[in-house]
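S.K.:
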Amino acid sequence: MSEAAQPTAQTDRKGIYGWMMFDWATQPFHTLIITFVFAPYFTSHVASTPVKGQEIWGYATGLGGLAIALLAPVLGAIADSTGPRKPWIVFFSIVGVVGCWLLWYAVPETDAVTIAVIGVVLGLIGMEFAAVFNNAMMPDLVPRSHLGRLSGSAWALGYIGGIISLVLVLGFMSATPESGMTLFGLTPILGLDPATYQGDRASGPLTSLWYVIFVLPMFLFTPDAHRRMSHSGAVMRGLRELGDTLRKLPAQKSYFSYLVSSMLYRDGLNALYAFGGIYAAGVLGWSIIQIGVFGILAAATGVFGGWLGGKADDRYGPKAVVSTGIVILTLCCLVIVSTSKTEVFFIPVGDTDVPSSLPTIVFYVAGCLIGAAGAALQAASRTLLVDQVEPDRVTEAFGLYALSGKATTFVGPLLIAQATGLFDSQRIGVTPVIALFVAGIVLLPFVRSAHSKPA
Numbered sequence: 184m185s186e187a188a189q190p191t192a193q194t195d196r197k198g199i200y201g202w203m204m205f206d207w208a209t210q211p212f213h214t215l216i217i218t219f220v221f222a223p224y225f226t227s228h229v230a231s232t233p234v235k236g237q238e239i240w241g242y243a244t245g246l247g248g249l250a251i252a253l254l255a256p257v258l259g260a261i262a263d264s265t266g267p268r269k270p271w272i273v274f275f276s277i278v279g280v281v282g283c284w285l286l287w288y289a290v291p292e293t294d295a296v297t298i299a300v301i302g303v304v305l306g307l308i309g310m311e312f313a314a315v316f317n318n319a320m321m322p323d324l325v326p327r328s329h330l331g332r333l334s335g336s337a338w339a340l341g342y343i344g345g346i347i348s349l350v351l352v353l354g355f356m357s358a359t360p361e362s363g364m365t366l367f368g369l370t371p372i373l374g375l376d377p378a379t380y381q382g383d384r385a386s387g388p389l390t391s392l393w394y395v396i397f398v399l400p401m402f403l404f405t406p407d408a409h410r411r412m413s414h415s416g417a418v419m420r421g422l423r424e425l426g427d428t429l430r431k432l433p434a435q436k437s438y439f440s441y442l443v444s445s446m447l448y449r450d451g452l453n454a455l456y457a458f459g460g461i462y463a464a465g466v467l468g469w470s471i472i473q474i475g476v477f478g479i480l481a482a483a484t485g486v487f488g489g490w491l492g493g494k495a496d497d498r499y500g501p502k503a504v505v506s507t508g509i510v511i512l513t514l515c516c517l518v519i520v521s522t523s524k525t526e527v528f529f530i531p532v533g534d535t536d537v538p539s540s541l542p543t544i545v546f547y548v549a550g551c552l553i554g555a556a557g558a559a560l561q562a563a564s565r566t567l568l569v570d571q572v573e574p575d576r577v578t579e580a581f582g583l584y585a586l587s588g589k590a591t592t593f594v595g596p597l598l599i600a601q602a603t604g605l606f607d608s609q610r611i612g613v614t615p616v617i618a619l620f621v622a623g624i625v626l627l628p629f630v631r632s633a634h635s636k637p638a
């Protein structure tokens, strides 16, 4: 692990690589389900119209985020008091796997909206909570000086997994009814029927199987925290300690500012990922295969962004990486909102008879920048949290980080749903993402890191 973290005396290479494989295992959920395959399929072929589909998808993902926000404080407090995280990961992994598998039954042009919504909500709850408890294991694996590279390398590895899973779906499984051929010009494998979009729907079961297989190294090789106490009394003790922390939090300027800032910009980033493919399908009229190619490029730049962001994190500090990432993402959102089939930066291009390829090129470039900046931002966010607390309070901090991150995950999707429905426009509907990024960066000057003076 030359560019990742070096193992500590307590954690060998297998344990560290096992922890990193969790990002590989979960990335197809975000790549295939939330962004590039199932989400645009749902809005284009399950919902009555793309605009209605974006609205419903916003409420579905918002509902999943709301459930996480309500459960995170209690479960985080219990886990922090009892110690081990793997039992929690097992439970929520089962929930996520079942949810993803249900998406196979979202047949087009049927009353399948309900089953799709249930599957997405369960998938979100399961995968996001499993990630919460997995992230809490990170500070115990390596010294602080290697934490940036560990987090960045894990994100990069996850993006590689996302690329491979996306190539698998587009190249061998997904085909349009018109051509009947995949991106590689092949007949879909396993007899998947293009007429009923079985290749797109199969992204659900594939995500489930992928996760079950590749999460095993984490369970087998990565050490877990020792049990601190039995579950008896853990709820009251955990909630009491959480209450004490919350009462003292406003007086800790840097810590409090960071939690609020990250809550806002992470919500904006999650919403941007969730609706990028939907936007391309509805506004630019892209097919699933076009969106998938876009996703492959974005994920490829994400690998580079995660790796480079990790190195920049160790050299310049996570705060610099986070700030730069937010600025790039905000500018990309402005570019996307100003782009349609016939406009770039709100300037008309081409005509109805000879459409211009410029909007597609601009959207591809913006997507590549979003992939790189988003990966670096998320990786650096984990290490910036470590700088906010004393070493003996890191586990509690990750619990609170999870609470702040999930407490408003429903806001972005719900704002998009409301704006889309109110203005009957997908372009205007995604503008709340810009406001979330701007609000997040306003608070960063008050946040300290290991490479800056205390705020």
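Under this note's numbering, think of the first position of the sequence shown as 184, with each following residue one higher. We treat Cβ as the ideally placed atom computed from N, Cα and C, and that holds for glycine.
1. So, for G201: in the same chain, excluding its five sequence neighbours on each side, which residues have a beta-carbon less than 7 Å away from its beta-carbon?
2. Determine contact between the stretch 523–533 and the stretch 561–573, defined as no fewer than three beta-carbon pairs at a distance below 8 Å.
3. Quick one: which unbroken alpha helix (DSSP H) runs of 4-plus residues sit fully inside the stretch 435–517? Chain order, please.
4. Note down, in chain order, each residue of its chain lying with its Cβ closer than 7 Å to the Cβ of I474, except the 5 sequence neighbours on either side.
5. Using DSSP with H/G/I as helix, E/B as strand and the rest coil, what is P270?
6. Which word fits K502, buried or exposed, when buried means at least 16 other C-beta atoms lie within 10 angstroms of its C-beta?
7. With 16 as the cutoff for other CB atoms within 10 Å, does V548 come out buried or exposed?
8. Can you tell me whether V537 is buried or exposed, with buried defined as 16 or more other CB within 10 angstroms of its CB?
9. What first and last residue would you give for the alpha helix (DSSP H) that runs through K197?
10. According to DSSP, what are the bridge partners of I396?
11. Hey, could you find the ends of the alpha helix (DSSP H) Y288 is sitting in?
12. Within its chain, find whatever has a CB closer than 7 Å to the CB of T390; leave out the 5 residues flanking it on each side and keep chain order.
13. With DSSP collapsed to three states, give me the class of V527.
14. Where does L627 land, buried or exposed, given buried means 16+ other C-beta within 10 angstroms?
15. Check whether the stretch 422–441 and the stretch 336–349 touch, using three or more Cβ-Cβ pairs below 8 Å as the test.
16. Does T218 come out as helix, strand or coil in the three-state DSSP assignment?
17. Could you round the C-beta distance between F620 and Y448 to whole angstroms and report it? I think they count as a contact, below 8 Å.
18. Relative to the C-alpha of G302, which candidate in S632, S587, D294 and W287 has its C-alpha closest?
19. Three-state secondary structure (DSSP) at G344?
20. Which residues bound the alpha helix (DSSP H) around P542?
21. Would you tell me roughly how many angstroms separate the C-alpha atoms of G198 and F397, rounded to the nearest one?
22. Tell me which same chain residues have a C-beta within less than 7 Å of the C-beta of A243, skipping the five on either side of it?
23. Taking contact to mean 3 or more Cβ pairs, one atom from each stretch, closer than 8 Å, check whether the stretch 554–564 and the stretch 475–484 are in contact.
24. Going by C-alpha to C-alpha distance, which of G387, G345 and T603 sits closest to I298?
25. What does a CB cutoff of less than 7 Å around S540 pick up in its chain, not counting 5 residues either side in sequence?
26. What are the start and end residues of the alpha helix (DSSP H) that includes M310?
27. Would I472 and L373 be called neighbours here (beta carbons separated by less than 7 Å)?
28. I509 and L455 look like a contact to me (Cβ under 8 Å); what is the Cβ gap, rounded to whole Å?
29. Just mark F606 as buried or exposed, buried being the case when its beta carbon has 16 or more other beta carbons within 10 Å.
30. With distance defined between alpha-carbon atoms, name the residue in G612, G488, M446 and S440 nearest to L517.
31. Any heavy atom of the ligand COA closer than 6 Å to the Cβ of V532?
32. Just to confirm, are M356 and L375 a CB contact at a threshold of 7 Å?
33. Of the residues H329, S276 and I624, which one's Cα is nearest the Cα of S444?
34. Using only the alpha-carbon positions, how far apart do D195 and A434 sit?
35. Considering only C-alpha positions, which residue in the set F629, V572, H228 and I530 is nearest to A378?
36. Can you give me the Cβ contacts of P615 inside the same chain, cut-off strictly under 7 Å, excluding the 5 residues immediately before and after it?
M.R.: Walking through what the data contain:
1. P400, M401, L403, F404 and T405
2. no
3. Counting only runs of 4 or more, we get 436–466 and 471–499.
4. F219, P223, G460, A463 and A464
5. helix
6. buried
7. It counts as exposed.
8. exposed
9. R196 to P211
10. The partner list for I396 (beta bridge, DSSP) is empty, contrary to what the question assumes.
11. Run containing Y288: none; DSSP gives neither H nor E here.
12. P211, F212, L215, I216 and C283
13. strand
14. For L627, the number of other beta carbons within 10 angstroms of its own is at least 16, and it is reported as buried.
15. no
16. helix
17. 6 Å
18. Among S632, S587, D294 and W287, the Cα nearest to that of G302 is on W287.
19. helix
20. L541 to V569
21. 14 Å
22. Apart from sequence neighbours up to five positions away, the residues of its chain that approach A243 with a beta-carbon distance below 7 Å are V300, V303 and V304, ordered along the chain.
23. Contact between the stretch 554–564 and the stretch 475–484 is present, because at least three Cβ pairs lie under 8 Å.
24. G387
25. none
26. According to the DSSP assignment, M310 belongs to the alpha helix (DSSP H) that extends over V296 to N318.
27. no
28. No, I509 and L455 are not in contact; Cβ-Cβ is about 11 Å, not under 8 Å.
29. exposed
30. G612
31. The ligand content of the structure shown is nil, which means the ligand COA is not present either.
32. yes
33. I624
34. Near 39 Å, if we compare the C-alpha coordinates of A434 and D195.
35. H228
36. G595, L598, I599 and A602
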